[in-house]
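Just so you know, the protein sequences line up as chains L and G, in that order. My numbering numbers the first residue of the first sequence as 292 and each following residue consecutively. My numbering numbers the first residue of the second sequence as 292 and each following residue consecutively. Working notes, structure below.
Number of protein chains: 2
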Amino acid sequence: MKIDPDSNAALSAQIAKAIRDAIISGALIVDERLPSEAELAEHFDVSRPTIREALKRLAAQSLIRTQRGAFGGAFVRHLSYEDAREQLVTTSTLLLSMNDISFDTACEARFALERACAPMTAARREPAQLAIMRREIKRQSEADLTDEAFCASDVAFHRALVDGAQNPVLSYQLSGSIEAMQPLMNMITFTARSRAEIVEIHTSILDAIVARDSERATEILEQLERVTKRLAHSVMDAKAVAIAKKEKPEVAQVSAE
Amino acid sequence: MKIDPDSNAALSAQIAKAIRDAIISGALIVDERLPSEAELAEHFDVSRPTIREALKRLAAQSLIRTQRGAFGGAFVRHLSYEDAREQLVTTSTLLLSMNDISFDTACEARFALERACAPMTAARREPAQLAIMRREIKRQSEADLTDEAFCASDVAFHRALVDGAQNPVLSYQLSGSIEAMQPLMNMITFTARSRAEIVEIHTSILDAIVARDSERATEILEQLERVTKRLAHSVMDAKAVAIAKKEKPEVAQVSAE
DNA sequence: AGACTTTTAAATGTCTGACAAATGAAAATC
DNA sequence: GATTTTCATTTGTCAGACATTTAAAAGTCT
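Below, the structure written as structure tokens:
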């Protein structure tokens with residue numbers, strides 16, 4: 292592991308990369324203890340704060356965990372699905388919010404992925420996921436639900452649909468896509484009529500899966516994609532009109548203290 | 292932004308979280324400059340090294356970039372597709388290598404996702420991606436190709452298939468899945484016969500897309516999934532026999548460099 | 001006045017040295 | 001033998017300092 296002090300990259304970044312590569316290549320295995328900060332500092336011929344900055348970078352990526360005390364130190368971390376999912380959601384959310392992706396593009400991607408799951412979910416038809424889907428449909432029918440709670444339930448329903456495929460890799464990949472869209476979905480105000488429409492579609496999806504009719508499930512998902520896009524457009528059009536009436540359109544702002 | 296010094300979590304982690312939340316919530320917008328390290332240190336009532344560790348955590352997640360010099364500092368970073376893709380590949384690769392996921396599970400997920408793209412790729416039929424697919428098929432037919440080069444070409448072919456859907460969100464999500472599988476695919480030794488079979492399948496996929504026949508494309512992708520699994524199994528069985536002959540079977544290892 | 005050079009201030013990158021806090025092992029004590 | 005205490009090790013944090021980079025501002029020359 293050679294570090295070039297003349298490189299433009301910060302030393303801590305170079306060291307982080309060296310260790311990261313060692314982990315990815317398998318030279319450092321899970322739960323293995325890294326040398327102490329002092330030893331690493333000597334090895335790379337830098338000071339301890341520099342080593343610490345490098346380790347913090349790795350910790351931010353969930354590659355290592357640190358433990359204080361004698362026999363403590365930095366350990367290669369076992370990356371769980373939950374950790375990976377969390378990172379994926381963060382990254383996806385930022386990607387969507389920073390790259391002015393159209394609602395249609397995000398929506399299209401999401402439903403394409405869900406349609407990929409549907410046949411597997413139908414084939415396996417896990418009772419646990421079917422129960423969740425039933426529960427969420429029931430919840431979505433409650434009249435006094437806030438828009439936000441309706442959205443959350445919608446996410447739960449679709450996650451169950453994806454988890455029903457019983458493939459953890461697929462669940463990991465797709466939950467990011469679905470959750471990252473939640474902020475976009477939250478912009479939509481669901482009228483009583485559109486809620487009823489969505490509940491009906493969800494019910495049809497569940498029925499199709501119970502019946503192991505994957506083609507029908509796929510078709511209905513296509514329908515849901517169209518409905519979702521239509522709803523979003525009507526909301527956005529209304530907003531555009533409202534803005535045009537008041538003043539020059541500004542960049543959408545999210546207020547925060 | 293309140294920091295609790297009595298919390299178990301390290302101060303630098305708490306501060307990183309506070310700033311991260313501000314970025315995700317939109318309180319800090321792209322290219323906005325954060326206060327200097329000295330100012331942040333005063334604001335959070337901690338020392339500069341602690342602030343620096345927090346900033347390094349954010350830098351590792353591509354949330355900020357730093358610039359030296361007067362009027363330098365930490366800036367909220369515009370997260371590009373390429374940055375996001377890189378992070379996704381790293382995370383996915385580690386996830387696959389650390390959670391002893393069966394080849395079949397990873398394979399199933401990958402092809403389910405690709406099948407989701409195929410109809411869109413067929414509908415849009417972009418010349419650029421079709422050209423890449425043709426080029427890679429040609430390359431895969433070359434007899435003197437190493438197994439690794441064959442795999443790389445395979446990845447390029449499938450990436451073109453995904454990119455052909457002309458949906459950047461989808462490309463982002465799927466390229467991670469495909470690239471993360473490459474180490475697993477590299478375990479396979481492709482015989483001349485299996486290569487011919489794959490080239491034929493790739494050709495059929497391309498034909499189906501050119502013909503805008505999405506159903507046929509989907510069917511052939513299903514076939515490719517079966518073939519890939521069969522190939523992998525034959526390799527793994529051979530290895531298992533070899534190990535059984537020599538000694539007690541160990542946990543399956545992927546040899547590196 | 002305009003173009004070029006030099007200065008300078010502000011910011012990050014790094015180092016040294018130190019102390020606090022946690023933690024498990026070993027030693028001491030009952 | 002069981003419990004308590006001590007202790008060494010390691011991370012977490014702090015303070016202060018210097019080096020390096022960078023762009024704006026001031027100065028200088030044509």
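Idealized CB from N, CA, C, for every residue including glycine.
The closest CA to that of L:Ser353, considering only G:Ser505, G:Gln358, G:Thr382, is found on G:Thr382. Counting only unbroken stretches of 3 or more residues, the beta strand (DSSP E) elements lying wholly within the stretch 328-361 of chain L are 355-358, in sequence order.
Boundaries of the beta strand (DSSP E) harbouring L:Ala365: 364-367, taken from the DSSP string. In terms of Cβ geometry, G:Asn477 and G:Met411 do not form a close pair [threshold 8 Å]. The C-beta of G:Met424 comes no closer than 8 Å to any C-beta of chain L. Distance check between L:Lys520 and each of L:Leu475, L:Ser505, L:Val490, L:Val501 places L:Leu475 closest, using alpha-carbon atoms only. Taken in chain order, the members of the stretch 347-359 of chain G whose beta-carbon sits within less than 9 Å of a beta-carbon on chain L are Lys347, Arg348, Leu349, Ala350, Ala351, Gln352, Ser353, Leu354, Thr357. Across the set L:Asp504, L:Ile492, L:Phe481, the C-alpha of L:Ile492 shows the shortest separation from the C-alpha of L:Glu516. DSSP places L:Arg324 in the strand class (E or B) of the three-state scheme. Under the Cβ criterion of 8 Å, L:Leu386 is counted among the residues facing chain G. Contact between L:His369 and L:Val337 does not hold, since their C-beta atoms are separated by about 28 Å, which reaches or exceeds 8 Å. The stretch 459-472 of chain G makes contact with the stretch 402-418 of chain G, as at least three CB pairs between them are under 8 Å. If you look at L:Asn390, you'll find it isn't in any alpha helix (DSSP H); DSSP assigns it neither H nor E.
Less than 8 Å separates the beta-carbon of L:Arg425 from that of L:Leu497. The stretch 295-315 of chain G and the stretch 343-351 of chain G touch, with no fewer than 3 CB-CB distances between them shorter than 8 Å. An exposed status is given to L:Asp312, since fewer than 16 other beta-carbon atoms sit within 10 Å of its beta-carbon. Apart from sequence neighbours up to five positions away, the residues of its chain that approach L:Ile479 with a beta-carbon distance below 7 Å are Leu522, Ala523, Val526, ordered along the chain. In the displayed model, L:Gln457 falls within coil according to three-state DSSP, outside both helix and strand.
The three-state secondary structure of L:Arg401, taken from DSSP, is helix. At a cut-off of 8 Å between C-beta atoms, G:Leu302 does not count as an interface residue with respect to chain L. Inter-segment contact for the stretch 380-398 of chain G and the stretch 430-441 of chain G is absent: fewer than three beta-carbon pairs are separated by less than 8 Å.
The beta carbons of G:Phe366 and G:Arg359 sit no closer together than 8 Å. Rounded to the nearest whole angstrom, the CA to CA distance from L:Asp374 to L:Val380 is 10 Å. Within chain G, the residues placing a beta-carbon under 8 Å from that of L:Cys408 are Ala403, ordered along the chain. G:Thr482 carries a coil assignment under DSSP once its states are collapsed to helix, strand and coil.
DSSP places G:Arg416 outside both helix and strand once states are collapsed to three, so it counts as coil. Taking a C-beta cut-off of 8 Å against chain G, the contacting residues of the stretch 468-485 of chain L are Ser468, listed in chain order. Excluding its 5 nearest sequence neighbours in each direction, L:Gln514 has C-beta neighbours in its own chain below 8 Å: Ile492, listed in chain order.
At a cut-off of 8 Å between C-beta atoms, L:Met527 does not count as an interface residue with respect to chain G. Rounded to the nearest whole angstrom, the C-alpha separation of G:Arg503 and G:Arg415 is 9 Å. Residues of chain G whose Cβ lies closer than 8 Å to the Cβ of L:Arg343 are, in chain order, Pro340, Glu344. At least 8 Å separates the beta-carbon of G:Leu465 from that of G:Val446. By the C-beta density criterion, L:Val460 is buried, having at least 16 other C-beta atoms within 10 angstroms. Not a single C-beta of chain L is nearer than 8 Å to the C-beta of G:Leu512.
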